[in-house]
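Read through the structure below, which is laid out as structure tokens, and then see the notes.
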Ligand SMILES: [Fe+2]
Ligand SMILES: [Fe+2]
């Protein structure tokens, strides 16, 4: 089965999210393109894919929660639907001879659903997070200007990348 391409127009501009998306598609492609003799490792890849989906969705959801993203409820519902479908595919993979069906369902889930989710919901979230980040930078510039003029107000400024890195760090610790 052919590999799924990751279209360049699905880049969100937030490195951590983009890395997650690319890694997710790469893991999927390992399953779709594995030779029959490699299928035991493809089964492991399916379990890894599920863990990775949890890891990625949790990171996005943490960002939404931290910044009070208005579209969070609907976005999380989408993630839940994906998790359920992936769980069903993992269950299906336990049956002997299910490889063609597993691959067909996984392709539909990732190529149609996951990429479409990025195109619509994740890009909207990224626009919001980038706006939050830009507003923080503007506050930093204002704070810096007022410090120069003798006002010593302290303003904590974290970029979206900083926050994602912190969340990533926490997730890695949890996954260990
Ligand atoms: Fe995503
Ligand atoms: Fe998402």
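Residue numbers (this note's numbering): -8 to 167. No residue lacks a Cβ here, since even glycine has one placed at the ideal position from N, Cα and C.
Asked: For the 8 Å Cβ check, are there 3 or more pairs between the segment 117 to 136 and the segment 27 to 41?; Found: no
Asked: Starting from the C-beta of residue -6, find all residues in its chain whose C-beta is less than 8 Å away, skip the five residues before and the five after it, and write them out in chain order.; Found: 20, 23 and 24
Asked: Does the segment -5 to 3 come into contact with the segment 67 to 84, if we say contact requires no fewer than three beta-carbon pairs (one atom in each stretch) closer than 8 Å?; Found: no
Asked: One question on the structure: do residue 67 and residue 80 come within less than 8 Å of each other, judged by their Cβ atoms?; Found: no
Asked: For the alpha helix (DSSP H) that residue 91 lies in, which residues bound it at each end?; Found: 90 to 98
Asked: Consult DSSP for residue 0 and reduce its assignment to one of helix, strand or coil.; Found: helix
Asked: Would you say the beta carbon of residue 159 is closer than 7 Å to some non-hydrogen atom of ligand 1?; Found: no
Asked: Is any heavy atom in ligand 1 found nearer than 7 Å to the beta carbon of residue 47?; Found: yes
Asked: What would DSSP say about residue 20, mapped onto helix, strand or coil?; Found: helix
Asked: Contact check, residue 51 vs residue 109 under 8 Å by CB: the rounded distance?; Found: Not a contact, Cβ separation roughly 11 Å.
Asked: So what does DSSP say about residue 87, is it helix, strand or coil?; Found: coil
Asked: Short check: CB of residue 116 to CB of residue 60, under 8 Å?; Found: yes
Asked: Output the distance between the C-alpha atoms of residue 10 and residue 65, rounded to the nearest integer angstrom.; Found: 23 Å
Asked: Pick helix, strand or coil for residue 38, following the three-state DSSP scheme.; Found: helix
Asked: Any heavy atom of ligand 2 closer than 7 Å to the CB of residue 68?; Found: no
Asked: Throw me the rounded Cβ distance for the residue 40 and residue 77 pair, which I believe falls under 8 Å.; Found: 7 Å
Asked: Judging by CA-CA distance, which residue of 140, 118 and 91 is the nearest neighbour of residue 54?; Found: 118
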